[in-house]
Amino acid sequence: MAVSTLIRDTRYAFGQNPLTLMAAILFVFLVACALLGPTLVPYDPLASDAMARMQPPSLGHPFGTDSLGRDMLSRTIVATRLDLGMAVFAVALSFVVGTAMGAVAGYLGGWMDKVIGRIFDTIMAFPLFVLAMGIVAALGNSVINIVIATAVINLPFYGRFARAEVNVRRDLAFIEAARMGGNGPMSVMARHIVPNILPPMMVQISLNMGWAILNAAGLSFIGLGVRPPEPEWGIMVSEGAAYIFSGEWWTFVFPGMALVLAVFCFNLLGDGLRDMIDPRRRT
Amino acid sequence: MSDAPLLSALGLTKFFKVGGREGGLLHAVDHVDLSIGRGESIGLVGESGCGKSTLARVLAHLTPPSAGQLRFEGVDIGQIPERRFASRPERARIQMVFQDPTESLNPHLTVEGAILDPIRRLLPGMSAANAAARVDEVLDLVGLPLAFKPRYPHQLSGGQRARVGIARAIAVEPALLILDEPTSALDVSVQAVILKLLADLRTRLGMSYLFVSHDLNVVRLLCQRVVVMYLGKVIESGPVERIFAHPRHPYTRALLAAVPDPARRDTRPPRLAGSPSSPVNPDPRVCRFYGRCPIGTERCAEDMPNLRPIGAEHLVACHYAEQQKGLAA
Amino acid sequence: MIVLRRLAEAVPSLVGVVIVTFLLSHALPGDPAAYFAGPAANAESVAEVRRTLGLDRSLPVQFGYYLLDLAKGDLGHSLTTGQPVTSDLLQRLPASMELTLAALIVAIAVALPLGIVAALRPNSLADHFCRLTVTIGAAFPTFFVGLLLVYLLYFKLGLVPQPLGRLDEIYFTPPPTVTGFYLIDTLLNGDVDAFRAALSQLILPAVSLALFAMAPLARMTRAAMLTALGSDFVRTARANGLPARKVIFTYALRSAMLSIVNVMGMVFSFLLGSNVLIEQVFGWPGIGAYAVSAVIASDYAAVQGFVLMMAILYVLLNLAVDLAATAIDPRVRFES
Amino acid sequence: MKAGLMRATHPAEAAAAHGVPLLEVDRLTLDFATRGGRVKALDQVGFTLDRGQILGLVGESGSGKSVTAFAIMDLLDQAARIETGQIRFTGIDLLARKRRALKELRGREIAMIFQSPRTALHPIRKVGHQIEDVLRAHSSVPPGLRRQKAIEALERVRIPDPARRYEAYPFELSGGMCQRVMIAMALSADPSLLIADEPTTGLDVTTQAVIMDLIRDLVRESGMSVLLITHDLAMAGEYCDRIAVMHAGHIVETAPAHLLLREPAHPYSAKLIAATPAKAASIEALAAIPGNLPDLRQPQPPCRFSTRCERHRPDCDQPPLDAARLGQDHLVLCRHPL
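Chains as they are written, first to last, in the numbering used here: chain A, 1 to 283; chain B, 1001 to 1329; chain C, 2001 to 2336; chain D, 3001 to 3338.
Below you can see the structure in the form of structure tokens.
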């Protein structure tokens, strides 16, 4: 697609849907928090202060403090890097591996297709969060393993998507035309199929990010992966939940809302991208 | 060499496996003999599902035949695997123009990119400057202004896309151009322009055409010889004037009688009832047209008629071809 | 006939599930014996565990024993409860199923009408409302929604009882087990008060779960209805002057149901997974809460048993969805 | 068939008695909202259709022929807006009537069939039930008799073994068979007008002939009228009584079919005929029409063919341009007809 039309479509998508523009701004903000978080925050996220335990939100501590007197705002912002990082690595891993597997299966067909398809089917035969729990429990309780588990359960989405997209396009007339023009399988794939499936894959990635964030946070919420006192949204909500019956709402609401914002942002971006690429598939 | 046909197919067959475990074979193309002379233009007609598109794809070496021989310029190319065929000189000699000009252009390639791609791959000896000049030359041949080079397919009209599809195919100077319903997606006025362009290109470049179409009138205008297919078999072939004036196979007659014609107003030519029988595992003894054929005798159910000569260059696969003169139309 | 074929098609999935759970417990880096022995074990007890579990043998042999145990319904013993994992799980299963099904019903009851209304009037107020609800619903982690609802409705407003389990056992006695579902068993027992109490306990966790499951359902309903309403055959129905109700329900919705049923698999996956988190928040005595405590205590046999049971449950649910799709779509029936 | 008593109050019957044409489209102007601005899809479109006639609406894609049909059927999508004009059915202006009153006409008095019949039928409902749906909506056939009536409807469109086909799903039938089912549905309420929108596009030429024969036979049997929308001039010439040629939202010429094909008066009609392969003796004789369809988002000259017309003269650009009557039943939208 020409750059000019891309710009026009982008402007159209933003104009049609101000939410997408909002999501784009939010995205920039989240990335800034992830990159610069530790240098921006007013307090050391790990420093406890026995004199300032369980303080409600105030000017000094806009998000209040937790049971150890740590500043919730600082912890919430600093956690962005870990939460987004886990999701980005997991999604990148499953995108690369899954797309490669799916594309190979879709283009070559035959026994390769069957074996790869069977692997995806087996992963999908589990409730995915449960499988992720099992993988982290088996591999060991660490951040890396959360990333791996999240990547594994996302594999089939990219794999099947890529397989279907390749399959549809393999028999399209312009692929046949490329073969008539002397393109072998590799160059058909690289020059004619991949550029055409990248835009829909981008949509998939964006929608998947939100889900990966939820997944990683869910795992740490039940005590897997990230360990205290490391600031991470899931575990912070879990810690804060202990004080729900004594009314210290700020301990779980702020990290929870951070999670919601991040997921919301990626979901909206995904929808916006989809509108941009194919207005007809708008849902 | 000069007398030998450009392309000849002998017993060319393409079967597809269908229906999972029970394992039926769909006889898409069933022992077809066909030859295309140098500079000749042949029309391939038949209803949808008769195997004409599959035959075109086999001849274009887009899909390998299940059996049979396919000779092109004296070389048996039927059994060459695609990976190797892509780098053989014959690849450039056989080119194809596809049905839907929109679907047959890569949306991410400009007009120039689309035409340059086959030139670079199939004419590797050509310098970059010559390749660029070649693009200009074919754009001129198909009547597209050079200003269109940086445009993308979605910025072109249907007729312009059709021209790009043709330019891409003729850029590597093929000897045989296979055209798969090249104008069926176009409006009448655009179709007329493209048909005239195709006729003009053939006289100027001396290519052979295999013109696949469901529109008999288009074939009449553009082709010298016509081949009629029914359920994977060639059932009649011969010079265009002769077939149109004296069709001998009952199917060809019905086909011609079904072409809309204002002159036939208020008449009622005999129509074909029903639809074709299944192409999956057909009985090798029964004529494929049996059951739908107005003649259909016991003999047709026991002895499949072979293609046989009935006049100069006129072949028919019907036991009763000689008795067909007096009937209808 | 078609049922048998679908059953046969589910077999490879089950085989895959069994192999993966086996690999998770036997073939991963680290010492499985140490896991199974638990955190308090010393070198000797680990060696002992290794021998009793057969972990000193080759992988295929171990797999054979694993299958043998599975056939006997033996998933090993839980370290924390000291009971066989199988009986632990079966005892807690009805609580989880009741919660999951209740959530599913809530989700369908809200999402389907919402999606239909949105599709009937695209870009209307109802459509924007649907889109907003769905996008927000999909962004809220279930465990966070659960906590928010508990904080607001229980702690602040006192509208619902304390989120501790299925029934406040100080005031009510659990009904005798018939189905294992309190909502049904209390009614069978004729105890309307207990029914009401069980319902009030169930509402919050079910709604929290449903909110997340609603998103894919409503989205798919809207999309499928839009496609169906824009399809050629709905245009034919309109041109033939069929009444609007007929066009919407008999024509559009029936064909849209095919796609809607197809997302059920994903919805189940969400529900079963989020179940774990929600049970944790609400102190729900189901298999999810059991699994979480097992994970924290490194009670490995229990975790494995849980994963296996969830997967089998999921495969069976998908089978049911497949059969439902077959019942709706004659084309699938005629395939064979 | 309807009972004689009902026939007496039949609006079409009453209209015929007063010499009012069954359908009159009068100066219909309509535009569409698109991303690139408003498209004037129809401009002052007008034609009449008498009882028992087949009128062919012929044009290339984008000429507005389907939009015209959809406007008659009230099937236009939301982006469309009718600016001016009347659509009179038996003398009554449909656009002035309430939606509810229109609904009663649609399907009962005016029915429509579409192209690609396989997707135009409900994919997972038995064809017999689909016909019964129409019967239930429009006739007083008692429920017990509906099945019988549906089978009769299938029989009427010459479907062999109708009782068995009643149970079939569309995917079990061929394209031609599906089109017959759609015709059976459309006719089950005995409409007086059938709109056929490219009914044979996508069908094989042999099937096309069978379907067109069937439509013509049904017209002869029942005296209904047909508005046949097609891009195929040769087909319109074979089956229609009159032909209206559309170009870029205008009806440029209306004439009896044989007259229009023999002596077209509008330059576009003549070009279109000469570009049709059926009429050409050789490829050299095939005429090309220069230029493209005009971009209807831009303001148009009074004659929308003027930029492509070889006979274009300065006064062609002077508004207003009204249709000129050349003969009894021959109208042409051109200042300098052939």
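Don't be surprised by glycine CBs; every beta carbon is placed ideally from N, CA and C.
All values reported here derive from a predicted model rather than from experimental measurement.
7 Å Cβ cutoff, residue i in contact with chain B
i, result
"residue 3205 of chain D", "yes"
"residue 284 of chain A", "Chain A is shown from 1 up to 283; residue 284 of chain A falls before or after that span and cannot be answered."
"residue 3224 of chain D", "no"
"residue 165 of chain A", "no"
"residue 3192 of chain D", "no"
Counted within 10 angstroms of its Cβ, other Cβ atoms place residue i as buried (16 or more) or exposed
i, result
"residue 2196 of chain C", "exposed"
"residue 3267 of chain D", "buried"
"residue 1241 of chain B", "exposed"
"residue 3001 of chain D", "Legend: pLDDT at residue 3001 of chain D = 39, less than 50; position of this residue unreliable, value from coordinates given subsequently. Under this definition residue 3001 of chain D is an exposed residue."
"residue 2320 of chain C", "exposed"
"residue 1140 of chain B", "exposed"
"residue 2033 of chain C", "buried"
"residue 1108 of chain B", "buried"
is_contact[residue i, chain D] using C-beta, thresh 7 Å
i, result
"residue 1199 of chain B", "yes"
Whether residue i touches residue j by CB criterion (7 Å)
i, j, result
"residue 2260 of chain C", "residue 2218 of chain C", "no"
"residue 83 of chain A", "residue 43 of chain A", "no"
"residue 57 of chain A", "residue 231 of chain A", "no"
"residue 3049 of chain D", "residue 3222 of chain D", "no"
"residue 1208 of chain B", "residue 1036 of chain B", "yes"
"residue 2228 of chain C", "residue 2252 of chain C", "yes"
"residue 149 of chain A", "residue 135 of chain A", "yes"
"residue 89 of chain A", "residue 265 of chain A", "no"
"residue 3029 of chain D", "residue 3115 of chain D", "no"
"residue 2145 of chain C", "residue 2208 of chain C", "yes"
"residue 3255 of chain D", "residue 3336 of chain D", "no"
"residue 3246 of chain D", "residue 3066 of chain D", "no"
"residue 1122 of chain B", "residue 1093 of chain B", "no"
"residue 3186 of chain D", "residue 3113 of chain D", "yes"
Contact with chain A by residue i, beta-carbon distance below 7 Å
i, result
"residue 2311 of chain C", "yes"
"residue 970 of chain B", "Because residue 970 of chain B is not part of the residues shown, which for chain B are 1001 to 1329, the question remains open."
"residue 2336 of chain C", "A caution first: residue 2336 of chain C carries a pLDDT of 47, below 50, which makes its placement in the model unreliable, though a value can still be read off. For residue 2336 of chain C, the answer is no, since every Cβ of chain A falls outside 7 Å of its Cβ."
"residue 1103 of chain B", "yes"
"residue 2190 of chain C", "no"
Closer than 7 Å at the beta carbon, the chain F residues around residue i
i, result
"residue 106 of chain A", "Protein chains A, B, C and D are contained in the structure displayed, whereas chain F is not."
CB contact below 7 Å: residue i versus chain C
i, result
"residue 3119 of chain D", "yes"
"residue 3108 of chain D", "yes"
"residue 252 of chain A", "yes"
"residue 3124 of chain D", "yes"
"residue 3171 of chain D", "yes"
Unbroken beta strand (DSSP E) run spanning residue i, endpoints
i, result
"residue 3250 of chain D", "3250-3256"
"residue 3194 of chain D", "3193-3197"
"residue 1107 of chain B", "Neither: residue 1107 of chain B is in no beta strand (DSSP E) and is coded neither H nor E."
"residue 1238 of chain B", "1233-1239"
"residue 3228 of chain D", "3225-3230"
Boundaries (first-last residue) of the alpha helix (DSSP H) holding residue i
i, result
"residue 2013 of chain C", "2002-2026"
"residue 3182 of chain D", "3175-3187"
Completely contained beta strand (DSSP E) runs for the segment 165-212 of chain A, where each covers 3 or more residues:
none
What are the complete alpha helix (DSSP H) segments, minimum 4 residues, inside the segment 1145-1224 of chain B?
1158-1170, 1188-1205, 1216-1222
Going along the chain, which unbroken runs of the alpha helix (DSSP H) with 4 or more residues stay wholly within the segment 14-52 of chain A?
18-40
Going residue by residue through the segment 2256-2308 of chain C, where are the continuous alpha helix (DSSP H) segments of at least 4 residues, counting only ones entirely within it?
2287-2296
Quick one: which unbroken alpha helix (DSSP H) runs of 4-plus residues sit fully inside the segment 1041-1070 of chain B? Chain order, please.
1052-1059
Extract the residue ranges of the alpha helix (DSSP H) inside the segment 82-118 of chain A, only unbroken runs of 4 or more that lie entirely within it.
none
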